[in-house]
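First residue of the sequence shown: 400, per our numbering; consecutive thereafter.
C-beta: ideal position from N, C-alpha, C; glycine also.
Computed from a prediction, not measured in an experiment: that's the story for all the values here.
Right, one structure below, let's go through it.
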Amino acid sequence: SVESLRAAYAFTSLQSFLDIYYAGASVLLKEQDFFDMAMAYFRRAVADNVVHAELFFDPQTHTDRGVPFEVVILGLSRACEVAQRELGVSALLIMCFLRHLSEDAAFDTLAQALPHRQHIAGVGLDSSEQGHPPEKFSRVFARCRELGWHLVAHAGEEGPPTYIWSALDDLKVQRIDHGVRCLEDPALVARLEKDRMPLTVCPLSNLKLCVTPSLAAHPLPAMLDAGLCVTINSDDPAYFGGYINQNFIATFAALPQLTAAHAHTLARNSIDASFMAVSEKQRHLQALEAVFAAV
């Protein structure tokens, strides 16, 4: 029923969300399904004035239930091409390994990805964080680094600060996804600030998954005060009810100490932290500065 579906979306943890997420993914079977899903996202993102998106996808969620890797990647990559041509939004795909699965399973996924490597900009690490430290995939990420892919990883969302250290030192990532627990370790904060390591913070996701008890208690202001390269992002917005503008609006409404200057910084950080070409970054930075000059 509609009521039971809504009740199922009242997540109590990352794992309670993942249980629903994996069940929902079962309807994606054909290339057109993946294309349609991605295009629905792009149309919604463009409505929020998104000009560039870097999308995560989890091939193992689909290959483990018999959907060929090429079905997934061809549907998603075709959507990226159409979105650029028809909607004017650029996009990059980041292939994530499911950390609750084995290193061997990750290497198998990597082998399936190689014939389609031109469609993949980078690799990441997601799924159940607790009990699955980043170093479990050190050799997989070393191989991906040799292939020239960008490297990111979810760390320090529910997992401890040591997972962020591991993502930095064992996986040698270029971005940390989430990373909100970094504030528990002053030495880690100093390292992140020194390296200007991007942290892709997702406030509404943190609220929905009970990472923070309320948006008013979110660590974002403290992270900004520490000089960290923080960005605001959407995370599984269809499940968490918040696309990018909703994340900005709700966060700023709950945290009155945040100002237009903070919004400017967060927007600049998102461009700096992206994997766009330098020329594209410069173009978007110029457009951003023009907007804030008029505020």
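- Within the model, the alpha-carbon separation for Ile575 versus His461 is close to 25 Å.
- Look at the segment 557 to 634 and you find these whole runs of alpha helix (DSSP H), each 4 residues long or longer: 560 to 568, 585 to 594, 602 to 607, 619 to 624.
- Per DSSP, Glu453 is one residue of the beta strand (DSSP E) stretching across 451 to 456.
- The C-beta separation of Gly578 from Ala615 comes to about 20 Å, leaving the pair out of contact by the 8 Å criterion.
- In the three-state reduction of the DSSP assignment, Met675 falls in the coil class.
- Between the segment 584 to 592 and the segment 535 to 552 there are fewer than three C-beta pairs closer than 8 Å, too few to call the two in contact.
- In chain order, Ala444, Val488, Ala490 place their CB closer than 7 Å to the CB of Ala452, counting only its own chain and leaving out the 5 sequence neighbours on each side.
- Excluding the 5 residues flanking it on each side, Leu473 has same chain C-beta neighbours closer than 7 Å at Glu430, in chain order.
- Under DSSP, Gly423 takes part in no beta bridge, so it has no partner.
- Taking Ser669 as reference, the option from Arg595, Leu427, Val610, Asp635 with the minimal CA-CA separation is Arg595.
- Judged by DSSP secondary structure, Leu524 falls within the beta strand (DSSP E) whose first and last residues are 521 to 525.
- By the neighbour-count definition (other C-beta atoms within 10 Å, threshold 16), Glu556 is a buried residue.
- Restricted to the segment 481 to 528, the alpha helix (DSSP H) segments that are unbroken, complete and at least 4 residues in length are 502 to 512, listed in chain order.
- Nearest in C-alpha terms to Leu623, of all of Ala649, Gly641, Val401, His661, is His661.
- For Leu550, the enclosing beta strand (DSSP E) covers residues 549 to 554.
- DSSP places Tyr440 in the uninterrupted alpha helix (DSSP H) bounded by 430 to 446.
- By the neighbour-count criterion, in which 16 or more other beta carbons inside 10 Å mark a residue as buried, Gly547 falls on the exposed side.
- Secondary structure of Tyr638 (DSSP, three-state): helix.
- If you look at Ala406, you'll find it in the alpha helix (DSSP H) that goes 401 to 407.
- If you look at Val539, you'll find it in the alpha helix (DSSP H) that goes 537 to 545.
- For the pair Leu608 and Pro602, the Cα-to-Cα distance works out to about 10 Å.
- Distance from the CA atom of Thr630 to the CA atom of Leu598, rounded to whole angstroms, is 6 Å.
- A straight line joining the alpha-carbon of Gln483 with that of Ala659 spans about 30 Å.
- Non-local beta-carbon contacts of Phe651 in its own chain, meaning distances under 6 Å to residues more than five positions away in sequence, involve Leu657 in chain order.
- DSSP, read as helix, strand or coil, puts His531 in coil.
- For Ala689, the three-state secondary structure derived from DSSP is helix.
- Around Ala621, the same chain offers Leu582 as residues with beta carbons nearer than 8 Å, after the five sequence neighbours per side are excluded.
- In the three-state scheme derived from DSSP, where H, G and I count as helix and E and B as strand, Val470 is classed as helix.
- Contact check between the segment 496 to 511 and the segment 677 to 687: fewer than three CB pairs, one atom from each, fall below 8 Å, which does not count as touching.
- In this structure, the beta-carbon distance from Phe441 to Leu492 does not fall below 8 Å.
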